[in-house]
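Participant: Using my numbering, you'd call the opening residue of the sequence shown number 981 and step up by one each time.
The structure under discussion is supplied below as structure tokens; questions concerning it will follow.
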Amino acid sequence: MVMRVFVAGGTGAMGRRLVPQLVARGHQVTATTTGSGKLGLLEQLGAAGVVMDGLDAVSVGAAVAAARPDAIVHQMTAISPAHAGKPDMRHMDRFFATTNQLRTEGTDHLLAAAEAAGVSHVVAQGHASWNGIREGGWVKTEEDPLDPGPPSMRKGMAAMRHVEDVVVEAGGAVLRYGGFYGPGATDDVVELVRRRQFPLVGGGTGYSSWVHLDDAASATVLAVEQKATGVFNIVDDEPAPAREWLPYLAACTGAKRPMRVPTWLARLLAGDVAVTMMTEGRGFSNAKAKRELGWELRYPSWRQGFREGLA
């Protein structure tokens, strides 16, 4: 069935891969950007572009009403260098401040606009990389809570919980994407690895889950078409500790093997988020998404994805 799909946040790393997949499936896509300079890009991707301020309820309401969509996909973030500057691991809540607003106020605005326009289904971006609850096993399902976060990221973790609470309550789906890699998604990390400024912390025992942007986009298309409800972990088949994925990432980018630094020094230099991620992080299982959405991955493992996409 051809649908009218409204993609809030169409020009980010995820939106740029999602919009063409929706268009290829025959859907009519309206996608948003924060400035008129990227309307041409949206047109090239096959969407009708519209300028929208996700933090302005009137702007959101008008854009949704004009598009008259059957479904809304929430992909709004502000973590590109143009919006947030250079990543700051020591002050993550400061770095993610606008994104946290988009995940709280912005989500509320979209849900209000959906209700006003009679849109029955919303799919929203969540996160499932290393942020599973830090107790018990190393791999978490959708039944497990997200971690409350280290102190410098408490607001960000609370914002992600807000997305899950309100979207699920409204009958929508939240897709907890793993750590993105693919075109435009890992440039900052790769540059740090090449400069040997992304060290292995402690024993590198913390787990992470990854997902290629194209696989994340295909899962999103399925969630839209199937009017999925609830929470889904959109990650690859191989959650892995930092001691495995980081040296492999370095090798795939032609960099030297990462240096190893003790936990106490990393906490001083890089802050609590980096230490938590690399020593205590929990990965995620994708069994529910594969079972209920019929999702099939082009890159079942980051090993294949890093090798083919980052070499």
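Don't be surprised by glycine CBs; every beta carbon is placed ideally from N, CA and C.
1. Suppose only complete runs of 3+ residues qualify. What are the beta strand (DSSP E) ranges in the region 1187-1250, listed by chain order?
2. So, for E1288: in the same chain, excluding its five sequence neighbours on each side, which residues have a beta-carbon less than 7 Å away from its beta-carbon?
3. Tell me, please, which residues DSSP counts as bridged to I1052.
4. Here's the rule I'm using: 16 or more other beta-carbon atoms within 10 Å means buried, otherwise exposed. How should L1277 be labelled?
5. Measure the alpha-carbon distance for G992 versus V1255 and round it to whole angstroms.
6. Nearest by alpha-carbon distance to L1082: which of V1146, M1056, Q1105, S1100 is it?
7. Quick one: measure Cβ to Cβ for G939 and D1127, integer angstroms, because I've assumed they're closer than 8 Å.
8. Jot down the residue ranges of each uninterrupted alpha helix (DSSP H) in the region 983-1041, minimum 4 residues, whole runs only, in chain order.
9. I need the boundaries of the alpha helix (DSSP H) containing G1136, first residue and last residue.
10. Are the CB atoms of A1094 and V1102 nearer to each other than 8 Å?
11. Which residue wins for smallest C-alpha separation from G1251, given the options M1133, V987, R996, M981?
12. Among the residues of its own chain, which have a CB less than 6 Å from the CB of L1226, if the five just before and after it don't count?
13. Check whether the Cβ of V1003 lies closer than 8 Å to any Cβ atom in chain D.
14. For a quick check, are the C-beta atoms of R1283 and A1235 less than 8 Å apart?
15. For K1058, which three-state DSSP category applies?
16. Mind listing, in chain order, the continuous beta strand (DSSP E) runs of no fewer than 3 residues lying wholly within the region 1255-1287?
17. What whole-angstrom Cβ distance do H1089 and A1046 have, given they're in contact under 8 Å?
18. Let me check one thing: in DSSP terms, what residues is V1119 bridge-paired to?
19. Since R1114 is in the alpha helix (DSSP H), which residue starts that stretch and which ends it?
20. Taking 8 Å as the limit between beta carbons, can you name the residues of its chain near A1203, skipping five residues before and five after?
21. Within 10 Å of its beta-carbon, does G1182 have 16 or more other beta-carbons around it, so buried, or fewer, so exposed?
22. Who are the Cβ neighbours of T1013 in its own chain at under 7 Å, not counting the five residues just before and after it?
23. Among the residues of its own chain, which have a CB less than 8 Å from the CB of S1016, if the five just before and after it don't count?
24. Can you look up A1108 in the DSSP assignment and give me helix, strand or coil?
25. Assuming contact is defined by CB atoms lying nearer than 8 Å, are R996 and V1119 in contact in what I supplied?
26. CA-CA distance, A1196 and Y1161?
27. Out of curiosity, what's the CA-to-CA distance linking T1084 and I1052?
Facilitator: In short, the structure shows the following:
1. 1190-1192, 1210-1214
2. none
3. F986, V1102
4. buried
5. 28 Å
6. M1056
7. The structure shown does not extend to residue 939, since the chain is modelled only from 981 to 1291, so the question has no answer here.
8. 993-1004, 1019-1025
9. 1134-1149
10. yes
11. M1133
12. L1180, P1238
13. The chain labelled as chain D is not found in the depicted structure, where only one protein chain is given.
14. no
15. The sequence as given places Ala at residue 1058; Lys does not occur at that position. Note: A1058 maps to coil in three-state DSSP.
16. none
17. The Cβ separation is near 15 Å, so there is no contact.
18. G1263
19. First-last for R1114: undefined, no H or E at that position.
20. V1103, A1153, L1155, F1212, L1273
21. buried
22. G990, T991, L1019, L1022, G1029, V1031
23. V1031
24. coil
25. no
26. 10 Å
27. 16 Å
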